[in-house]
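Okay, so here's the structure we're looking at.
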Ligand code: CP3
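Residue numbers (this note's numbering): 1 to 370.
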């Protein structure tokens, strides 16, 4: 599964990307953008909005440029990564770009044999279950992801005042893929390792934390203005287990990012009970799914944290008046937090009508303009 491609045909297919003309930028400096300011709890000209998985299968222009190129390979092609990352910014006029990549890209770059199977997700050739497996896991060095730095630099040049959000998977979510061998509903093998051999679990997560940290650091040093740590599946844990087995490892990654002085967004699904602990792990912004309202989330995390969220992605398929009412409710609830970044409660579903997303952006901007 080689991922150092060169595909000139694909590079040619990318349109010359005109610079994103200060789309919603209040300043030419992305560090003064509404997204970064909201993350820091500072005043904004409107509530910033972006969508998890905005770059991807909901866009016809994405399907066109990706045609015939495997997912992991596409993530290592700077021209293509730049084009795909810019597509939703041009189309929807969102307030941030999210780097087009995947949480398993740094694992593959380090040399772990895996693939992203369409319609399934990441699949690991040799699941990690024993001390020997953990011992054999490689480290990631920055020179293995030179192309990621190249992509970020190209993007930052195109984006002007619109910030680029870098991201990585958090140790727990990465560990779940590695231990289970692929996507899992109940994370049985993962929890078996956690409880059966805490020393081994900690050794695995410490290695994954270093990989995530390197992946994020390369993105920030190349010019990303904020980062998001995706702990998508951590809602499968109780608060006690989260604090004992996971929080220290996520805190290691977030702590290292704090030293780079970029705002840190920390997100998971089904994390109502974990929100305060996810903030305390070293976030500036806590991502909230659609299961609790933002005013309740603000009450739970306290006044130190901005919030991100939280329109139910399934609602994108509802009639417009229902979407409109919900967006307005979310904006009102978001005002109770230190800062608010509008987003979905999870990723954009592949069959979403892209025009609905554009309308949501317009509504958020108009309704929150100050
Ligand atoms: O727009 C963006 O958000 C940027 C790109 C992005 C992708 N993956 C592209 C992608 C981001 C931020 C991710 C993160 C990611 N990857 C997460 C965390 C976010 C979340 O959804 O909770 C997770 C859990 C993964 C693992 C993963 N990769 C899954 C579950 C899947 C879906 C499998 C499928 O095909 O249904 C992927 C594949 C993937 N990652 C695609 C994209 C655009 C689809 C592959 C394709 O287009 O061929």
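C-beta: ideal position from N, C-alpha, C; glycine also.
Note that this is a predicted model, so its numbers are computed, not measured.
Here residue 219 is buried: its Cβ has 16 or more other Cβ atoms, across all protein chains shown, within 10 Å. Here the C-alpha atom of residue 55 lies approximately 32 Å from the C-alpha atom of residue 303.
One Cα belongs to residue 140, the other to residue 328, and the distance between them is close to 43 Å. Remark: fewer than three beta-carbon pairs, one from each stretch, lie closer than 8 Å, so the region 176 to 195 and the region 142 to 158 are not flagged as touching.
For residue 80, the enclosing alpha helix (DSSP H) begins and ends at 78 to 92. Within the model, the alpha-carbon separation for residue 45 versus residue 178 is close to 43 Å. Per DSSP, residue 123 is not a residue of any alpha helix (DSSP H); the beta strand (DSSP E) it occupies stretches across 121 to 124. In the structure shown, residue 237 falls within a coil segment according to DSSP collapsed to helix, strand and coil. Within the DSSP secondary-structure output, residue 115 pairs in a beta bridge with 123. In the structure shown, residue 169 adopts extended strand secondary structure according to DSSP, grouped into three states. Cβ atoms of residue 342 and residue 48 come within 8 Å of each other, at about 7 Å. Close CB contacts of residue 313 within its chain, under the 8 Å cut and outside five residues either way in sequence, are with 290, 344, 345, 346, 347, 348, 349, 352 (chain order).
In the displayed model, residue 264 falls within a strand according to three-state DSSP. Of the heavy atoms belonging to ligand 1, none sits nearer than 7 Å to the Cβ of residue 270. Spatial neighbours of residue 145 in its own chain (CB-CB distance under 6 Å, excluding positions within 5 residues in sequence) are listed in chain order as 109, 218. The beta carbon of residue 175 lies closer than 7 Å to those of 190, 204, 205, 208 in the same chain, with the five residues before and after it left out. Membership of residue 104 in any alpha helix (DSSP H) is not indicated, and neither H nor E is assigned to it by DSSP.
Residue 281 sits buried, since 16 or more C-beta atoms from the chains shown fall within 10 Å of its C-beta.
Following the DSSP letters along the chain, one finds residue 213 inside the alpha helix (DSSP H) bounded by residues 198 to 221.
Distance from the CA atom of residue 228 to the CA atom of residue 235, rounded to whole angstroms, is 17 Å. Taking residue 82 as the centre and dropping the five residues before and after it, the same chain places the C-beta of 17, 151, 154, 155, 158 closer than 7 Å to its C-beta, in chain order.
Taking C-alpha positions only, residue 35 is separated from residue 288 by approximately 16 Å. DSSP, read as helix, strand or coil, puts residue 286 in strand. Here the alpha carbon of residue 63 sits roughly 33 Å from the alpha carbon of residue 292. In the three-state reduction of the DSSP assignment, residue 136 falls in the helix class, which pools H, G and I.
In the DSSP annotation of this structure, residue 308 is not part of any alpha helix (DSSP H); the continuous beta strand (DSSP E) holding it starts and ends at 306 to 311. DSSP places residue 346 outside both helix and strand once states are collapsed to three, so it counts as coil.
Non-local C-beta neighbours of residue 365 in its own chain, meaning closer than 6 Å and more than five positions away in sequence, comprise 46, ordered along the chain. In the structure shown, the three-state DSSP call for residue 189 is helix.
Taking residue 201 as the centre and dropping the five residues before and after it, the same chain places the C-beta of 193, 194 closer than 6 Å to its C-beta, in chain order.
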